[in-house]
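J.: Letter by letter, the first sequence follows residues 37 to 264 in my numbering.
I have a structure here, written as structure tokens, and I will follow up with some questions on it.
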Amino acid sequence: MVSVRRRAKNIVIQLAPDGILAVNLGMTGRLLYFRNGRSARTSHPAVRFHLDQGSRLIFDDVRRFGTVECMTDAEWSTRDVRLGPEPLSDDFTPDRLMDGLARSRSPLRSWLLDQRKVAGVGNIYANEALFLAELHPQRSANTVDRARAEALYQGLRLTLSEAVELGGTTLRDYVDSEGRRGQYASNLRVYGREGLPCLRCQDPVVRSVFGGRSAFHCPSCQPRSVST
DNA sequence: CTCACGACCTGGAGGC
DNA sequence: TGCCTCCAGGTCGTGA
Numbered sequence: 037m038v039s040v041r042r043r044a045k046n047i048v049i050q051l052a053p054d055g056i057l058a059v060n061l062g063m064t065g066r067l068l069y070f071r072n073g074r075s076a077r078t079s080h081p082a083v084r085f086h087l088d089q090g091s092r093l094i095f096d097d098v099r100r101f102g103t104v105e106c107m108t109d110a111e112w113s114t115r116d117v118r119l120g121p122e123p124l125s126d127d128f129t130p131d132r133l134m135d136g137l138a139r140s141r142s143p144l145r146s147w148l149l150d151q152r153k154v155a156g157v158g159n160i161y162a163n164e165a166l167f168l169a170e171l172h173p174q175r176s177a178n179t180v181d182r183a184r185a186e187a188l189y190q191g192l193r194l195t196l197s198e199a200v201e202l203g204g205t206t207l208r209d210y211v212d213s214e215g216r217r218g219q220y221a222s223n224l225r226v227y228g229r230e231g232l233p234c235l236r237c238q239d240p241v242v243r244s245v246f247g248g249r250s251a252f253h254c255p256s257c258q259p260r261s262v263s264t
């Protein structure tokens, strides 16, 4: 192993002299590291890597939606280029976001979940960013004006940087390689708060389902209509 | 091409 | 206690 990095929702492990191990945790996957001989407490181990001096790296996944793939650097590159920009990187700009939104009639929440448009945004952070930008999750992407696109850009950057700072969001299963849970769940502004007061206006948060998953929004702060 | 929807899996929570 | 239904952090294939 030479290095470990992240691209979108993939943990990218660079092997030498050529080769990539790409791990996608799916919804319940965990990549757990156990030092030399430490007993490996795993619930649903799927892949075990035996490393130097008795330490192990174990991919554990209850729902088996996660994947571990081995490929060449070239194969990884062809996949990499199909992914959208990293929202916390310099090549993600309000202009680029605005251009992407303008080309699509998808609901905003669906658009944000599409890894080809923006990389690494999941359902929780899509909902959070839309709340910060005061945009309705089902509003068509191409109806967003420049000012709102800027707000969504800032919302994405703020949400993701805060969440990274706190080690991510653990609703139930997620832990990092040392077994630590993410601490961002208690900082969520709208996700999972159905019926609870909006943090801006106190009106109750509404849950809806489209695209097969839950969306949360404040009907007052995030109106569906384009006007207002 | 874009978009909506179902499928893939398992287990925890809550209702009766 | 047990059975049933609903729900879940993601991604991919199909078909309109």
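Beta carbons are placed, not taken as given, at the ideal position from N, Cα and C, and that holds for glycine.
Bear in mind that the values here come from a model prediction, so they are computed numbers and not experimental data.
Alpha carbon to alpha carbon, what distance is there between R208 and E214?
T.: Sequence index remark: in the first sequence, residue 214 carries index 178 (1-based). Sequence index remark: in the first sequence, residue 208 carries index 172 (1-based). Cα-Cα distance, rounded: 16 Å.
J.: Mark S125 as exposed unless 16 or more other C-beta atoms lie within 10 angstroms of its C-beta, in which case mark it buried.
T.: Position 89 of the first sequence, counted from the start, is the residue given in the question as residue 125. Classification for S125: exposed.
J.: Rounded C-beta distance between A251 and N178? I'm assuming under 8 Å.
T.: To locate residue 251, count along the first sequence from 1; it is residue 215. To locate residue 178, count along the first sequence from 1; it is residue 142. Not confirmed; about 19 Å, so no contact.
J.: Just the Cα atoms here: how many angstroms apart are V265 and M37?
T.: A query on residue 265 cannot be resolved here, the shown segment of the chain reaching from 37 to 264 and no further.
J.: When you compare each of P240, R99, G90, H253 to R175 by their alpha carbons, which one comes out closest?
T.: Translated into positions along the first sequence, residue 175 becomes position 139. Comparing Cα positions, the closest option is H253.
J.: Decide if T264 is buried, meaning its Cβ has at least 16 other Cβ atoms within 10 Å, or exposed.
T.: Looking up residue 264 in the first sequence gives position 228. Reliability of the predicted coordinates at T264 is poor, the pLDDT of 44 falling under 50, and no value is obtained from them.
J.: Based on DSSP bridge pairs, tell me the residues matched to H253.
T.: Counted from its first residue, the first sequence places residue 253 at position 217. DSSP, once it has assigned bridges, lists V242 as partnering H253.
J.: Let me know the secondary structure DSSP gives L93 once reduced to three states.
T.: Position 57 of the first sequence, counted from the first residue, corresponds to residue 93. Note: L93 maps to strand in three-state DSSP.
J.: Taking the alpha-carbon positions, what's the V117 to T108 distance?
T.: As a first step, residue 117 is located in the first sequence; it is residue number 81 there, counting from the start. As a first step, residue 108 is located in the first sequence; it is residue number 72 there, counting from the start. So the alpha carbons of these two residues sit roughly 15 Å apart.
J.: Three or more beta-carbon pairs under 8 Å between the region 180-200 and the region 45-62, yes or no?
T.: The region 180-200 is not in contact with the region 45-62.
J.: Do you know how far the Cα of T205 is from the Cα of R236?
T.: In the first sequence, residue 236 corresponds to position 200, counting from 1. In the first sequence, residue 205 corresponds to position 169, counting from 1. Their Cα atoms are separated by approximately 22 Å.
J.: So what does DSSP say about Y69, is it helix, strand or coil?
T.: Residue mapping note: residue 69 aligns to position 33 of the first sequence, counting from 1. Strand.
J.: Where DSSP assigns a beta bridge to F85, which residues make up the other side?
T.: Here the question's residue 85 lines up with position 49 in the first sequence. DSSP, once it has assigned bridges, lists L93 as partnering F85.
J.: If you reduce the DSSP assignment to three classes, tell me which class T264 lands in.
T.: In the first sequence, the residue the question calls residue 264 occupies position 228. At T264 the pLDDT is 44, less than 50, meaning the model places this residue with poor confidence and gives no usable figure here.
J.: Between V98 and T64, which are expected to be in contact by the criterion C-beta below 8 Å, what is the C-beta distance as a whole number of angstroms?
T.: Taking the first sequence and counting its residues from 1, one reaches residue 98 at position 62. Taking the first sequence and counting its residues from 1, one reaches residue 64 at position 28. At roughly 4 Å, the Cβ-Cβ gap stays under 8 Å, so V98 and T64 are in contact.
J.: If you draw a straight line from the alpha carbon of N159 to that of L149, how long is it in whole angstroms?
T.: Residue 159 sits at position 123 when you count from the first residue of the first sequence. Residue 149 sits at position 113 when you count from the first residue of the first sequence. Answer to the nearest angstrom: the Cα atoms are 7 Å apart.
J.: Just curious, the beta strand (DSSP E) that V48 is in, first and last residue?
T.: Here residue 48 corresponds to residue number 12 of the first sequence, with the count starting at 1. 46-50 is the span of the beta strand (DSSP E), which, as asked, contains V48.
J.: The beta strand (DSSP E) with M107 in it runs from where to where?
T.: Here the question's residue 107 lines up with position 71 in the first sequence. Per DSSP, M107 belongs to the beta strand (DSSP E) from 103-107.
J.: Go ahead and label Q89 buried or exposed: buried means 16 or more other beta carbons lie within 10 angstroms of its beta carbon, across all protein chains shown.
T.: Position 53 of the first sequence, counted from the start, is the residue given in the question as residue 89. Exposed, because fewer than 16 other Cβ atoms sit within 10 Å of the Cβ of Q89.
J.: Return the residue from the list L119, V245, P255 that minimises the CA-CA distance to D239.
T.: For the purposes of this step, residue 239 is taken as the residue at position 203 of the first sequence. Ranking L119, V245, P255 by Cα distance to D239 puts P255 first.
J.: Terminal residues of the continuous alpha helix (DSSP H) containing S146?
T.: To locate residue 146, count along the first sequence from 1; it is residue 110. Segment 144-149, the alpha helix (DSSP H) holding S146.
J.: Measuring straight from C-alpha to C-alpha, what distance separates L133 and A185?
T.: In the first sequence, residue 133 corresponds to position 97, counting from 1. In the first sequence, residue 185 corresponds to position 149, counting from 1. When rounded, the distance between both Cα atoms is 7 Å.
J.: Check this for me: beta carbons of A110 and R92, under 9 Å apart or not?
T.: Position 74 of the first sequence, counted from the start, is the residue given in the question as residue 110. Position 56 of the first sequence, counted from the start, is the residue given in the question as residue 92. No; because the gap between Cβ atoms is not below 9 Å, this pair is not in contact.
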